[in-house]
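Encoded as structure tokens, the structure appears first; notes follow it.
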Amino acid sequence: MSDRLTVVGRSVQRSDGVGHVTGRTRFAADHTFPGMLHLKMVRSPVHHALIRGVDLSEAEHVPGFVRALTWRDVPHNVYTILGLIGVEPEEEFVLAQDRVRYRGEPIVAILAETEAAALEAVSKVRLDLEELPAVFDVEEALAPGAPIVTHWGSNAFMFEGHPFRRVRFGDVEAGFAQADEIVEAVYNSSPIEQAPMEPTGCIAVPEAGGRFTVYTNTQALYFSLDNTAIILQVPGKRLHFVGGTVGGGFGGKVDVIVEPIATLAAMKTDRPVRYVFSRSEEMQVSSTRSAWRIRIRDGVMRDGRIVARKVTSYADSGAYSRQTPYALTKHAANAAGPYAIPNVWIDAYCVFTNRTPSSAMRGFGVTMASFALEVQMDRIAERVGLDPWTVRFVNAYRNGDVKPHRKVVEDATLIETMQAAADLVGHELTDEQRAMTSAPRDGGAGGGGGTAGREVAGGRGGAAGREGAVGSGSVGTAEGGR
Amino acid sequence: MASVVVSFELNGRPAEVLARPMTTLQSVLRNQLGFTATKEGCRQGGCGSCTVLVDGEPMPSCLLPIEDVAGRRVTTLEGITPIDGLSPVQQAFLDGNGFQCGYCTPGMEMLATALLERNPSPGRDEIVEALGGNICRCTGYQPIVDAIEAAAGAASTGER
Amino acid sequence: MAKLRGTGISAVNYPTGMNLGGDPSQALIHATTSGSFVVSLSSADLGQGLRTVVGQIAAEVLGVAADEIVVDMADTDTGPHCMGTFASRATHRVGNAVRIAALEARDALMDVAAIELDAPVDRLVTDGQGNVLVASDPGRCMRVAEVAANAQFTYGRTISGRGSYMKPKSPVDPETGAMDPDSTEAHACTVAEVEVDTETGQVRVLSIRSAYEVGRQVNPALVRGQIVGGAFMGMSHALYETTEPYYPNDDHKPKDFSEYLMPGPAELPEIDCVVLEEPSSNGPFGVKGVGEMTANAPIPAIVNAIYHACGVHIDDLPVTPEKILRGLEARAAAE
Chain A
4 MSDRLTVVGR
14 SVQRSDGVGH
24 VTGRTRFAAD
34 HTFPGMLHLK
44 MVRSPVHHAL
54 IRGVDLSEAE
64 HVPGFVRALT
74 WRDVPHNVYT
84 ILGLIGVEPE
94 EEFVLAQDRV
104 RYRGEPIVAI
114 LAETEAAALE
124 AVSKVRLDLE
134 ELPAVFDVEE
144 ALAPGAPIVT
154 HWGSNAFMFE
164 GHPFRRVRFG
174 DVEAGFAQAD
184 EIVEAVYNSS
194 PIEQAPMEPT
204 GCIAVPEAGG
214 RFTVYTNTQA
224 LYFSLDNTAI
234 ILQVPGKRLH
244 FVGGTVGGGF
254 GGKVDVIVEP
264 IATLAAMKTD
274 RPVRYVFSRS
284 EEMQVSSTRS
294 AWRIRIRDGV
304 MRDGRIVARK
314 VTSYADSGAY
324 SRQTPYALTK
334 HAANAAGPYA
344 IPNVWIDAYC
354 VFTNRTPSSA
364 MRGFGVTMAS
374 FALEVQMDRI
384 AERVGLDPWT
394 VRFVNAYRNG
404 DVKPHRKVVE
414 DATLIETMQA
424 AADLVGHELT
434 DEQRAMTSAP
444 RDGGAGGGGG
454 TAGREVAGGR
464 GGAAGREGAV
474 GSGSVGTAEG
484 GR
Chain B
1107 MASVVVSFEL
1117 NGRPAEVLAR
1127 PMTTLQSVLR
1137 NQLGFTATKE
1147 GCRQGGCGSC
1157 TVLVDGEPMP
1167 SCLLPIEDVA
1177 GRRVTTLEGI
1187 TPIDGLSPVQ
1197 QAFLDGNGFQ
1207 CGYCTPGMEM
1217 LATALLERNP
1227 SPGRDEIVEA
1237 LGGNICRCTG
1247 YQPIVDAIEA
1257 AAGAASTGER
Chain C
334 MAKLRGTGIS
344 AVNYPTGMNL
354 GGDPSQALIH
364 ATTSGSFVVS
374 LSSADLGQGL
384 RTVVGQIAAE
394 VLGVAADEIV
404 VDMADTDTGP
414 HCMGTFASRA
424 THRVGNAVRI
434 AALEARDALM
444 DVAAIELDAP
454 VDRLVTDGQG
464 NVLVASDPGR
474 CMRVAEVAAN
484 AQFTYGRTIS
494 GRGSYMKPKS
504 PVDPETGAMD
514 PDSTEAHACT
524 VAEVEVDTET
534 GQVRVLSIRS
544 AYEVGRQVNP
554 ALVRGQIVGG
564 AFMGMSHALY
574 ETTEPYYPND
584 DHKPKDFSEY
594 LMPGPAELPE
604 IDCVVLEEPS
614 SNGPFGVKGV
624 GEMTANAPIP
634 AIVNAIYHAC
644 GVHIDDLPVT
654 PEKILRGLEA
664 RAAAE
């Protein structure tokens, strides 16, 4: 490699751009196959109920009806997406068995020659349901006597023995005792839909030799393939997933929600099967960004320093866990914000309620933490009579600081970023703020280099140090933009 | 309902399809004829990803029964793409990254094409108004508005 | 009744990647007979431009133009494992895997070039224009494409490479929360300016101006695309979006885009940004990541701006006109 970068750092034209502007790019649902069947789902009309019976007799007489799939057809009907990385227990039903836990939960998959026939047959399936009390508020769900959503008897996900992901750093009560002011607030958000323009979907196609090709818009091809193999109890070698061109994801296509049942349908019928969400399903049934409730209690000194922060967070996971337990762990690592706070206490609950499951969305576990923390910073500023910039400069973390989850800060540029933003908008900084840097407080050499040794690079060319000319550099402005 | 034969002009060539009444133009284009540049974002008339031109006017093809286009002139994105390159609108979207995932792009480009046909040098407000019914979740619209402005500018100075 | 203006700020960090159960991605690369290269992955481009940026990374390592690289994004029969595109991990993880694979292919290429140019491998360089040359004697020079072709047809060698990059699993200490969940941190500071109509409760965002520090930018235009698109999404989250307008009551769930509120191009504020680069120690060429974080900082900046405009604290998203009016009413009653 030459010393100067020649391609990296350049705004080269997108290699898929011509395909996108001519409409030649093929998205998953742009594939069609002869004899393709359409899959539509019978869904729970209520929030919480026992299933006493499912009557398919009328649906089966709809012209074009091919067959129905129920939980009895699914080889491994109870799964959890993150089971692949050891998250337990298995808890979500591919097709509901004896109970539905949220409105829209899939119960019966209908296969028909046309989409219209599938929809008509869906409308003719009779469900005999016995409604159960439901719970919707995260704190009500944790209160004694609340209706229990899960099949194992607790509305809180258990994190290695605790009903929350916890962080304990310093002595938060001592911090509060020392503080000049206590600033408290509760922040809330409601569920948000990822709303990619391309609906979630796939087409599963039987191939020679007992294999199945699945054209999918998943954000994670192997996550989908491996979960499908588990649910269908087939070796992964029988599955061939093709995708990679996704019409917007934003986290909404990390769930494995269409491929297993479409592939099962293709196996049972030996025909290509298309299962693509309608926009209504996308809005009402596909998982959302979690709703959050975040309680923050801060102990603050008159000069603006935060000396203690206690955060109690509740993410509404809905009826199943999907990716949300992981969001709480990520949340816990970021719930103190980009600030150096000596005493921190975090309890982050993943709570089950009778609503559409939430899962991943852009900013997973952090977006609403940033909302709560940054509105809280302005509350603190007002309480101690500082301007919003100053309270952030006073508390900004530096390289070498230790975060509450014990990770040493290595790549801090909060201060430099705030300085650049002040310049951009013409905000006057004090000389002191202007002179600050993210360099370590003890005057050491700065961050960087630490993490590299802990990550694993494989392959002959993977030895550390091969980056040559492009190691660390100083902060510089690149291609601003107006 | 019995199927009917519907004849219309598609991208300058005659087309004839057999379809049940109330089948949407979108469905005919994608599923019968294989013109998949026309996307399916909602099939509720709410997102504009399926926008095509009918007699030069942008319309959501997901709401248009096939029998309503009988004898009319339908243009899809395939129909405005030159054999040897890109239309000025497509070139401007490409140059200005007026897309990210590309799913709303065909609909946006059809709207832009119709707008510039009607008004070769629209103001920014007119562009924004013309885009009103089409949704993009990725770009924040700014690069799309910029691209259409650039396409108009390129056309007025005679550039490609 | 008045239209009141206010400015709000926020400052955020955002982590790259997750540890999951170990967070790996892999890449394969090989030269074709004509000397271009194919990168095989099982990764997904969500529209952010991953296909393009990993192609740039391969091109940089191999010393060729970006359009000499074909990226086969996602096919589990041909592409090796990738955890997926999420957690702002793809450019970092997949980019690293591609960089490492390209380095291995580069070594194979240079071994052949050393024979052809009759010079030791350690004296060979590439010029970024598709040539291999002897550093001290640039006149001795060959096209990469020619080396690749000769490798295959004269020496029977493969010009190929394997790359893997993994963030190992870091178990969380359940008592203290001690963990190593990410690879690096990007940062942003956003300044938002709003106008609140105290008669209607309507908020108009006038501008969202931000500074970002995202490590090395592989493709600055695409970084800017994330920042602009994310700012708009953040504004949408702050003021409009919810699937449950009366959460935790879940009546009135939307069925379509007319019921699920999002701003359109008419609500587009001035969006501006400046981007700093502090290369990370572990990303390819110092990449950090910018995919998710761009929707985050605008939300509190807008909420803070609303407070500074009209004195109403709204701690409950989205900030609807109803909440503003109720807040103004409560404030008036308290005074």
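For the protein sequence lines, the chains are A, B and C, in the order given.
Note that this note's numbering has the first sequence beginning at 4, numbered continuously upward.
Note that this note's numbering has the second sequence beginning at 1107, numbered continuously upward.
Note that this note's numbering has the third sequence beginning at 334, numbered continuously upward.
By construction, the Cβ of each residue, glycine as well, lies at the ideal position given by its N, Cα and C atoms.
Residue closest to residue i, alpha-carbon to alpha-carbon, out of the options
{"i": "residue 365 (chain A)", "options": "C:397, C:354 and C:419", "result": "C:419"}
{"i": "residue 375 (chain C)", "options": "C:502, C:433, C:405 and C:640", "result": "C:405"}
{"i": "residue 61 (chain A)", "options": "A:305, A:120 and A:428", "result": "A:120"}
{"i": "residue 285 (chain A)", "options": "A:393, A:158, A:324 and A:200", "result": "A:200"}
{"i": "residue 600 (chain C)", "options": "B:1206, B:1238, B:1223 and B:1263", "result": "B:1238"}
{"i": "residue 1115 (chain B)", "options": "B:1150, B:1128, B:1167 and B:1176", "result": "B:1176"}
{"i": "residue 608 (chain C)", "options": "C:551, C:335, C:651 and C:569", "result": "C:551"}
{"i": "residue 358 (chain A)", "options": "A:33, A:116 and A:141", "result": "A:141"}
{"i": "residue 1107 (chain B)", "options": "B:1173, B:1169 and B:1166", "result": "B:1173"}
{"i": "residue 105 (chain A)", "options": "A:56, A:372, A:82 and A:355", "result": "A:355"}
{"i": "residue 196 (chain A)", "options": "C:566, C:545, C:519 and C:523", "result": "C:566"}
{"i": "residue 643 (chain C)", "options": "C:631, C:585, C:433 and C:528", "result": "C:528"}
{"i": "residue 164 (chain A)", "options": "C:479, C:496, C:510 and C:491", "result": "C:510"}
{"i": "residue 240 (chain A)", "options": "A:289, A:249, A:229 and A:369", "result": "A:229"}
Per-residue contacts from residue i into chain A (C-beta, under 7 Å)
{"i": "residue 559 (chain C)", "result": "Chain A residues near residue 559 (chain C): none, gap ~10 Å exceeds 7 Å."}
{"i": "residue 1132 (chain B)", "result": "Here the premise fails: no neighbours, minimum Cβ distance about 12 Å."}
Partners in chain C for residue i, counting only beta-carbon separations shorter than 8 Å
{"i": "residue 194 (chain A)", "result": "575, 576, 577 and 580"}
{"i": "residue 1238 (chain B)", "result": "597, 598 and 599"}
Residue i in three-state terms, based on DSSP
{"i": "residue 650 (chain C)", "result": "coil"}
{"i": "residue 105 (chain A)", "result": "coil"}
{"i": "residue 378 (chain C)", "result": "strand"}
{"i": "residue 127 (chain A)", "result": "helix"}
{"i": "residue 467 (chain A)", "result": "Per-residue confidence for residue 467 (chain A) stands at a pLDDT of 36, beneath the threshold of 50, marking its modelled position as unreliable; the derived number appears in the next sentence. Coil at residue 467 (chain A), not helix or strand."}
{"i": "residue 479 (chain A)", "result": "At residue 479 (chain A), the pLDDT of 37 sits below 50, so the modelled position is not reliable and the matter cannot be decided from this model."}
{"i": "residue 207 (chain A)", "result": "strand"}
{"i": "residue 359 (chain C)", "result": "strand"}
{"i": "residue 165 (chain A)", "result": "strand"}
{"i": "residue 668 (chain C)", "result": "coil"}
{"i": "residue 225 (chain A)", "result": "helix"}
{"i": "residue 401 (chain C)", "result": "helix"}
{"i": "residue 1286 (chain B)", "result": "With chain B covering only 1107 through 1266, there is no way to say anything about residue 1286 (chain B)."}
{"i": "residue 1246 (chain B)", "result": "coil"}
{"i": "residue 425 (chain C)", "result": "helix"}
{"i": "residue 283 (chain A)", "result": "helix"}
{"i": "residue 334 (chain C)", "result": "coil"}
{"i": "residue 455 (chain A)", "result": "For residue 455 (chain A), the predicted model reports a pLDDT of 36, less than 50, meaning its position is unreliable; a value from the coordinates is still stated below. Helix."}
Cβ pair residue i, residue j closer than 8 Å
{"i": "residue 8 (chain A)", "j": "residue 114 (chain A)", "result": "no"}
{"i": "residue 274 (chain A)", "j": "residue 98 (chain A)", "result": "no"}
{"i": "residue 1156 (chain B)", "j": "residue 1142 (chain B)", "result": "no"}
{"i": "residue 297 (chain A)", "j": "residue 383 (chain A)", "result": "no"}
{"i": "residue 456 (chain C)", "j": "residue 467 (chain C)", "result": "yes"}
{"i": "residue 79 (chain A)", "j": "residue 236 (chain A)", "result": "yes"}
{"i": "residue 439 (chain A)", "j": "residue 396 (chain A)", "result": "yes"}
Interface partners of residue i on chain B, CB under 7 Å
{"i": "residue 379 (chain C)", "result": "1207"}
Within chain B, the residues that residue i reaches when beta carbons sit closer than 8 Å
{"i": "residue 565 (chain C)", "result": "1245, 1246, 1247 and 1248"}
{"i": "residue 199 (chain A)", "result": "1207, 1209 and 1243"}
{"i": "residue 32 (chain A)", "result": "1146"}
Chain-ordered chain C contacts of residue i [CB-CB under 7 Å]
{"i": "residue 1225 (chain B)", "result": "Simply none; closest approach about 17 Å."}
Listed by chain order, chain C residues near residue i by CB distance under 9 Å
{"i": "residue 8 (chain A)", "result": "393, 461, 549 and 618"}
Alpha helix (DSSP H) runs contained entirely in the region 1168-1236 of chain B, provided each spans 4 or more residues: Here the runs fully enclosed are 1183-1186, 1194-1201, 1211-1224 and 1230-1236.
Name the residues in the region 1134-1155 of chain B whose C-beta lies less than 9 Å from a C-beta of chain E; which are they? The structure shown contains no chain E; the protein chains it does contain are A, B and C.
Taking only runs that begin and end inside the region 288-353 of chain A, name each unbroken alpha helix (DSSP H) of 4 or more residues, in chain order. Annotation note: the region 288-353 of chain A contains the following uninterrupted alpha helix (DSSP H) runs of length 4 or greater, listed N- to C-terminal: 327-337.
If we require 4 or more residues per run, which alpha helix (DSSP H) segments fall completely within the region 348-420 of chain A? Those alpha helix (DSSP H) runs which fall completely within the region 348-420 of chain A and span 4+ residues are 370-387 and 391-398.
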